[in-house]
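Let me begin by presenting the structure, written as structure tokens, before commenting on it.
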Amino acid sequence: MILLFTILLVTTSAIQILLVLLHKGRGGGLSDMFGGGVSSSLGGSSVAERNLDRFTVGVGVIWFACIIALGLLMAYQGN
Numbered sequence: 515m516i517l518l519f520t521i522l523l524v525t526t527s528a529i530q531i532l533l534v535l536l537h538k539g540r541g542g543g544l545s546d547m548f549g550g551g552v553s554s555s556l557g558g559s560s561v562a563e564r565n566l567d568r569f570t571v572g573v574g575v576i577w578f579a580c581i582i583a584l585g586l587l588m589a590y591q592g593n
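Structure, rendered in structure tokens:
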């Protein structure tokens with residue numbers, strides 16, 4: 515069971531990193547340094563951006579649940 519949650523944690527961590535990197539930069543940060551400051555004509559908050567936000571939050575919740583589950587499993591395994 516611990517192995518399953520560990521694999522799920524590693525997978526969600528990698529997916530979370532990719533999802534965060536896909537987000538559009540808001541300006542004034544590291545994204546401007548790498549060319550993110552160029553404004554596009556695609557407009558504001560599109561459906562794709564909202565869906566990306568939802569996926570990011572969903573994966574974050576799964577990641578957090580894996581952390582809690584692993585902590586509880588390892589605490590009870592020691593007894």
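Under the numbering used here, the first residue of the sequence shown is numbered 515, with each subsequent residue one higher. Ideal Cβ placement from N, Cα and C applies to all residues, glycine included.
In this model, A583 and T526 are separated by some 14 Å (Cα to Cα). For G592, the secondary structure class from DSSP, reduced to helix, strand or coil, is coil.
Only exposed fits F578, as fewer than 16 other CB atoms lie within 10 angstroms of its CB. Shown here, G539 sits in coil according to DSSP, grouped into three states, outside any helix or strand. With respect to the C-alpha of T520, the residue from C580, D567 and Q591 having the closest C-alpha is C580. Cβ atoms of L566 and L535 stay farther apart than 8 Å, at about 11 Å. Classified as buried, V573 has 16 or more neighbouring CB atoms from the shown chains inside 10 Å of its CB.
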